[in-house]
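There are 2 protein chains.
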Amino acid sequence: MKKTVPEAKLLVVDDEPNIRELLSTSLRVAGFDVVAAANGRDALAAAETHNPDLAVLDVMLPDMDGFTVTRRLRAAGRHFPVVFLTARDDTEDKVTGLTVGGDDYVTKPFSLDEVVARIRAVLRRTHPLEDDDAVIRVDDLELDDDAHEVRRGGETIDLSPTEFKLLRYLMMNPNRVLSKAQILDHVWEYDFNGDASIVESYISYLRRKIDRSSDAVALIQTKRGVGYLLRSADKR
Amino acid sequence: MKKTVPEAKLLVVDDEPNIRELLSTSLRVAGFDVVAAANGRDALAAAETHNPDLAVLDVMLPDMDGFTVTRRLRAAGRHFPVVFLTARDDTEDKVTGLTVGGDDYVTKPFSLDEVVARIRAVLRRTHPLEDDDAVIRVDDLELDDDAHEVRRGGETIDLSPTEFKLLRYLMMNPNRVLSKAQILDHVWEYDFNGDASIVESYISYLRRKIDRSSDAVALIQTKRGVGYLLRSADKR
DNA sequence: GCGATCCCTCAGCAACGGCTCAGCCAATTC
DNA sequence: GAATTGGCTGAGCCGTTGCTGAGGGATCGC
């Protein structure tokens, strides 16, 4: 898995232990330095102590809501960006205005890969110094996370949101077999409870769009009984 | 047998004494430092005392399930990865979340060689410092565990899952005779109860694919009445 | 509010892989 | 050199896996 350079420090705030752990662990593996808090008070304290580069903040916390936390942070002179976690059915107006600063939001239940991508995007915008590019390349395949666009050999390819996420996950892990369970865990929302065969369907869609259009080599390979693999000619 | 460098400490947790012993012994032979526990409570205590690098954890334990154990561990600030053991048919592909973070899972009944390989893979991912490569080499034969791919003299060779596991076992033990019983014990699932002649079949398949395609030296040799041996020219 | 898109499920089909068996060949023993 | 044992391999059966097209239901955008 591609690591973030340089290591950024994140503050994760959510009162549900499961979500908090899920996020913390995934973000650590993604290369971030993670500090976690379970409520607004602890979050404010942790922000003082650790001075993170970004916070992932649930809007619904037991003691105060995420907006209040943000306001208090800003008042204390902390201007790092925030990625809010909101329930899907939150009213529109509650969510609007969230993205004004460098901020962004992700709705629960989210896909792990998606959260990581969003955090990277926000960091990229606020710390443009890094040579961390928004474009992932594997052979003649390009995926531009900012423009949400995919090209193969210069030719733009139209993907649905899920197809895009799946391809991004594959491209982040070239030349490595990914099992259907693994793909499900990273690409689909964490509460999805259909079965893994949906991955087959989406692999099929992707192939049709990126491996069939050009008469180039097939990039997506099936490892029967094991998983799928995105082939890259140049060895890393 | 190739040793793990440096020696990693593992915590093995399973309530069935047979499985626990089987795993502990094999992992010790594979070069790991092993501590075992029979239930969640003991596992938590052992984690405190021994601070392992990884845990092998049955999801079905008498006192609490594997997820609870994991959550409690993480809450206590222990962030080592976990390889879960799950039953094959308890709605297998409905169970998700086992592969997030650096974690992975193996279904029961498993093959010993497979478990060891998975553990190594997880450790490799979480401790990338080690120069422990995912590629095993014997002469001009290469086996890439991450890509699940085999090459001889640069030429990619397609193997079925069982063929792959068999070859990996042979390649992990070059220049050493392995009896059919030994191979059966390591490569096949522990509840397999056909007879050892199946090994002959698979050796035959492997020869056809790796020793016949090129006109190079035959790597797989038969020691009549004893077993098989994968021969390597360069002694290391 | 309507159409288009997208997500997901399902079922049919084809290909593959796991395993067994039988017949043959090779090595070994007497 | 005959008999015996051990190993090799082709054939075949059968369950499993993966691919794909079709369709239903939900959602999004206009």
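If you read the sequences in order, they're chains A and B. Just so we're aligned, residue 2 is where the first sequence starts under our numbering, counting upward by one. Just so we're aligned, residue 2 is where the second sequence starts under our numbering, counting upward by one. C-beta: ideal position from N, C-alpha, C; glycine also.
Could you give the DSSP three-state label for residue i: helix, strand or coil?
| i | result |
| --- | --- |
| residue 241 of chain A | Any question about residue 241 of chain A goes unanswered here, given that chain A covers just 2 to 237. |
| residue 191 of chain B | coil |
| residue 222 of chain A | strand |
| residue 100 of chain B | coil |
| residue 207 of chain A | helix |
| residue 12 of chain A | strand |
| residue 139 of chain B | strand |
| residue 150 of chain B | strand |
| residue 236 of chain A | Low confidence applies here, because residue 236 of chain A scores a pLDDT of 49, under 50, leaving its location unreliable; read the following figure in that light. Three-state DSSP puts residue 236 of chain A in coil, outside helix and strand. |
| residue 124 of chain A | helix |
| residue 62 of chain B | coil |
| residue 196 of chain A | coil |
| residue 134 of chain A | coil |
When the Cα of residue i is compared with those of the options, which residue comes out closest?
| i | options | result |
| --- | --- | --- |
| residue 129 of chain B | B:186, B:103, B:32, B:117 | B:103 |
| residue 39 of chain A | A:183, A:170, A:165, A:70 | A:70 |
| residue 108 of chain B | B:82, B:124, B:61 | B:61 |
| residue 219 of chain A | A:149, A:142, A:164, A:188 | A:142 |
| residue 8 of chain A | A:27, A:32, A:23 | A:32 |
| residue 79 of chain A | A:57, A:66, A:53, A:63 | A:53 |
| residue 98 of chain B | A:211, A:183, A:206, A:197 | A:183 |
| residue 189 of chain A | A:174, A:177, A:162, A:205 | A:162 |
| residue 156 of chain B | B:135, B:17, B:145 | B:145 |
| residue 191 of chain B | B:207, B:158, B:112, B:212 | B:112 |
| residue 177 of chain A | B:209, B:178, B:135, B:207 | B:135 |
| residue 124 of chain B | B:67, B:82, B:147, B:152 | B:82 |
| residue 89 of chain A | A:106, A:74, A:77, A:76 | A:106 |
| residue 181 of chain A | A:165, A:206, A:225 | A:225 |
| residue 154 of chain A | A:212, A:84, A:18, A:126 | A:212 |
| residue 208 of chain B | B:117, B:24, B:164 | B:164 |
| residue 137 of chain B | B:46, B:149, B:227 | B:149 |
| residue 16 of chain B | B:37, B:28, B:187 | B:37 |
| residue 167 of chain A | A:231, A:59, A:49, A:51 | A:231 |
| residue 169 of chain B | B:194, B:203, B:195, B:84 | B:203 |
| residue 193 of chain B | B:100, B:63, B:110 | B:110 |
| residue 117 of chain B | B:228, B:223, B:13, B:222 | B:13 |
| residue 228 of chain A | B:173, B:199, B:147 | B:147 |
| residue 28 of chain A | B:101, B:201, B:85 | B:101 |
In the DSSP assignment, the alpha helix (DSSP H) including residue i goes from what residue to what residue?
| i | result |
| --- | --- |
| residue 58 of chain B | From DSSP, residue 58 of chain B is part of no alpha helix (DSSP H) but of the beta strand (DSSP E) over 55-59. |
| residue 230 of chain A | That residue, residue 230 of chain A, is in no alpha helix (DSSP H); its beta strand (DSSP E) goes 228-231. |
| residue 18 of chain B | 18-30 |
| residue 51 of chain A | 41-51 |
Which two residues bound the contiguous beta strand (DSSP E) that contains residue i?
| i | result |
| --- | --- |
| residue 109 of chain A | 105-109 |
| residue 85 of chain A | 83-88 |
| residue 38 of chain B | 34-38 |
The ligand MN and residue i: does the residue's C-beta get closer than 7 Å to at least one heavy atom of that ligand?
| i | result |
| --- | --- |
| residue 106 of chain B | For the structure depicted, the ligand MN is absent and the ligand set is empty, with no information on it obtainable. |
Check distances from the C-beta atoms of the region 166-180 of chain A to those of chain B and list, in chain order, the residues that come in under 8 Å.
-> Taking 8 Å as the Cβ-Cβ cut-off against chain B, the residues of the region 166-180 of chain A that qualify are 176, 177, 178, 180.
Give the residues from the region 136-160 of chain B that approach chain A closer than 7 Å (Cβ to any Cβ), ordered along the chain.
-> 147, 148, 149
At which residue ranges does the region 154-191 of chain A contain complete alpha helix (DSSP H) runs of 4 or more residues, listed in the order of the chain?
-> 162-173, 181-188
For the region 24-38 of chain A, which residues have a beta carbon sitting closer than 9 Å to at least one beta carbon of chain B?
-> 25, 26, 27, 29, 30
Note down, in chain order, all residues in the region 109-132 of chain A with a beta-carbon under 7 Å from any beta-carbon belonging to chain B.
-> Within the region 109-132 of chain A, the residues whose Cβ lies closer than 7 Å to some Cβ of chain B are 113, listed in chain order.
Taking a Cβ distance cut-off of 8 Å, strictly less, list which residues of the region 72-87 of chain B are near chain A, in chain order.
-> 72, 75, 76, 80
What residues in the region 96-107 of chain B have a beta carbon less than 9 Å from any beta carbon of chain A?
-> 96, 97, 98, 99, 100, 101, 102, 103, 104, 105, 106
Select from the region 206-229 of chain A all residues with a C-beta closer than 7 Å to any C-beta belonging to chain B, and list them in chain order.
-> Only 224, 226, 227 from the region 206-229 of chain A bring a Cβ to less than 7 Å from some Cβ of chain B.
Of the residues that make up the region 6-23 of chain A, which ones have a beta carbon closer than 8 Å to any beta carbon in chain B?
-> Correct list: 18, 19, 22, 23.
For the region 42-69 of chain B, which residues have a beta carbon sitting closer than 8 Å to at least one beta carbon of chain A?
-> none
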